[in-house]
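Structure first, then comments.
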Amino acid sequence: MARINSRQVEAFRAMMLTGSVTEAAKLMTVTQPAVSRLLRDFQALLKMELFERRGTGLVPTAAATALYTEVERSFVGLERITAAAEEIRGRRTGSLRIAALPALSNGYLPRLAGHFLKERPNLNLAFFGVISPIVVDWVLNNQCDIGFAEVPIAHSGLPSLRLPALARVAVLPTGHHLAEKEMLEPRDFEGETFVSLSAGSASRHLIDQIFHRHDVHRVLRVETTLSEIMCGMVSSGLGVAICDPFTAQEFSTRGIVVRPFLPRIDFEFSAVFPAQRSPSPVALDFVETVRKSLAVLDEQPTHEAAPG
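Sequential numbering of the sequence shown, starting at 1, is according to the UniProt record's numbering.
Shown next, in the form of structure tokens:
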């Protein structure tokens, strides 16, 4: 029986990363037929359909998405070996590997990390933006020094530090009639088309709970796993949403209006560390930098808590 080879796995990963055979071929510097052949052989060996045709393109199946998690973890491990060898050759004095959930990694945390590195010229950084379950998985497997994941943390055995929570905010399309209000409440959303986080997530539960408690009926037309997609949909004018403050800030100049929302719904996350060893001093320094930054943000008027 033929065995899976590394080029087949590389073609699968390239396809998942780029979303098209054309772009995957560019990433691998091979022809499109070569990528198609590698993907076809990979699926045949696995006896599993990984992509289905939609129109003129290919869309990953649920099986492909599940498999990609394992493939990406393997690639990060290989990349870490290469990076370690470069550090040894260059006699660099330190490195830090960070994984963070998308809400933090789409702007806020990279900017903070950039300032942190400017003050430490001998420090090297590897930064990965992935969903919270993968953050926890990579830290658990010692592939990262710090992870930033939404709570509750799926693995109770990891050392963790709860960081200051910030309030979620309302996001509206530019020109929306609710943008005339300085602060929004559940009743303002009665009958509004609503872009929601996916069912089953902790964040979705918290948000739905508030609207159910106030007997507000929204028109739930779209759900998504990522707040970036949520804000993109809102910016199109389709509807409104409740979003984490970090993603909302990144989209505040891209077709959306941000307003405080009461009662306060906290966006909570923790820093997690590998269980097999103590956090390095530089890892603890970075987490403290994040904690101080969040404490300052939480004092701003946009994040005022609901009155008791």
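Yeah, the Cβ is synthetic: ideal placement off N, Cα and C, and Gly gets one too. Since the structure is predicted, the reported quantities are computational estimates derived from the model, not experimental observations.
Exercise for the section: Identify the continuous alpha helix (DSSP H) that holds residue 210 and give its terminal residues. Expected result: Run containing residue 210: 202-213, per the alpha helix (DSSP H) assignment.
Problem - Alpha carbon of residue 62 to alpha carbon of residue 26, nearest angstrom - result: Rounded to whole angstroms, residue 62 to residue 26 spans 25 Å at the Cα level.
Handout entry: In DSSP terms, what residue 146 is bridged to
Key = Per the DSSP secondary-structure output, residue 146 pairs in a beta bridge with 98.
Handout entry: Cβ separation of residue 116 and residue 286, assumed to be a contact under 8 Å, to the nearest whole Å
Key = Their Cβ separation, rounded to whole angstroms, is 6 Å, which keeps residue 116 and residue 286 in contact under 8 Å.
Problem - One or two residues paired with residue 75 in a DSSP bridge - result: Answer by DSSP bridge pairing: none, since residue 75 is not bridged.
Exercise for the section: Please determine, among 241, 58, 104 and 14, the residue with the shortest C-alpha to C-alpha distance to residue 173. Expected result: Ranking the options by Cα distance to residue 173, first place goes to 241.
Handout entry: Spatial neighbours of residue 1 in its chain, beta-carbon cut-off 6 Å, leaving aside the 5 residues before and after
Key = Legend: pLDDT at residue 1 = 49, less than 50; position of this residue unreliable, value from coordinates given subsequently. If we look at residue 1 and ignore the five residues flanking it on each side, it has no Cβ neighbours.
Exercise for the section: Work out the CA separation of residue 227 and residue 137 for me, nearest whole Å. Expected result: CA-CA distance, residue 137 to residue 227, rounds to 21 Å.
Problem - Inside the UniProt domain "HTH lysR-type" (4-61) only - alpha helix (DSSP H) runs reaching at least 4 residues - result: Taking only runs of at least 4 residues, the alpha helix (DSSP H) segments lying wholly in the UniProt domain "HTH lysR-type" (4-61) are 6-18, 21-28 and 32-46.
Practice task
From the DSSP output, in three-state form, read off residue 280 for me.
Solution key: Correct three-state label for residue 280: coil.
Exercise for the section: Under the assumption that residue 157 contacts residue 194 (Cβ atoms under 8 Å), give the Cβ distance between them as a whole number of angstroms. Expected result: Contact flag wrong, Cβ pair sits at about 37 Å.
Practice task
Name the residue from 47, 288, 21 and 23 whose alpha carbon lies nearest to the alpha carbon of residue 163.
Solution key: When each option's Cα is compared against that of residue 163, the closest is 288.
Practice task
Please classify residue 193: does DSSP put it in a helix, a strand, or coil?
Solution key: When DSSP states are grouped into helix, strand and coil, residue 193 belongs to the strand group.
Exercise for the section: Count the other C-beta atoms from every protein chain shown that fall within 10 angstroms of the C-beta of residue 89, then say buried if there are 16 or more, exposed otherwise. Expected result: Residue confidence for residue 89 is low, a pLDDT of 49 falling below 50, so the modelled location carries little weight; the figure read from the coordinates is stated next. Label assigned to residue 89: exposed.
Handout entry: Backbone CA spacing between residue 224 and residue 75 [nearest angstrom]
Key = Distance from the CA atom of residue 224 to the CA atom of residue 75, rounded to whole angstroms, is 26 Å.
Handout entry: Buried or exposed by the 16-neighbour rule on C-beta atoms within 10 Å, applied to residue 38
Key = Taking every protein chain shown into account, the CB of residue 38 has 16 or more other CB atoms within 10 angstroms, so this residue is buried.
Handout entry: Proximal residues to residue 91 (C-beta, below 7 Å), its chain only, five neighbours per side dropped
Key = Summary for residue 91: the model assigns pLDDT 37, below 50, so the residue's position carries little reliability; its value from the coordinates is reported in the next sentence. There are no such residues.
Problem - Contact set for residue 13: own chain, Cβ-Cβ below 6 Å, skip 5 residues either direction - result: Sequence-distant Cβ neighbours of residue 13 in its own chain, meaning closer than 6 Å and more than five residues away, are 71.
Handout entry: Cβ neighbours of residue 282 in the same chain (closer than 7 Å, five flanking residues each side left out)
Key = Once the five neighbours on either side are set aside, the close Cβ partners of residue 282 are 94, 96 and 123.
Exercise for the section: Kindly give me the distance between the Cβ atoms of residue 152 and residue 275, rounded to whole angstroms, as I take these residues to be in contact under 8 Å. Expected result: With 8 Å as the limit, residue 152 and residue 275 do not qualify as a contact, their Cβ atoms being about 17 Å apart.
Exercise for the section: Give the single residue among 54, 186 and 73 whose Cα lies nearest to the Cα of residue 133. Expected result: Out of 54, 186 and 73, 73 has the C-alpha closest to the C-alpha of residue 133.
Exercise for the section: Note down the Cα distance separating residue 284 from residue 270, rounded to an integer number of angstroms. Expected result: Straight-line measurement puts the Cα of residue 270 at about 13 Å from the Cα of residue 284.
Handout entry: Between the CA atoms of residue 4 and residue 65 - distance to the nearest angstrom
Key = Taking the straight line from one Cα to the other gives about 18 Å.
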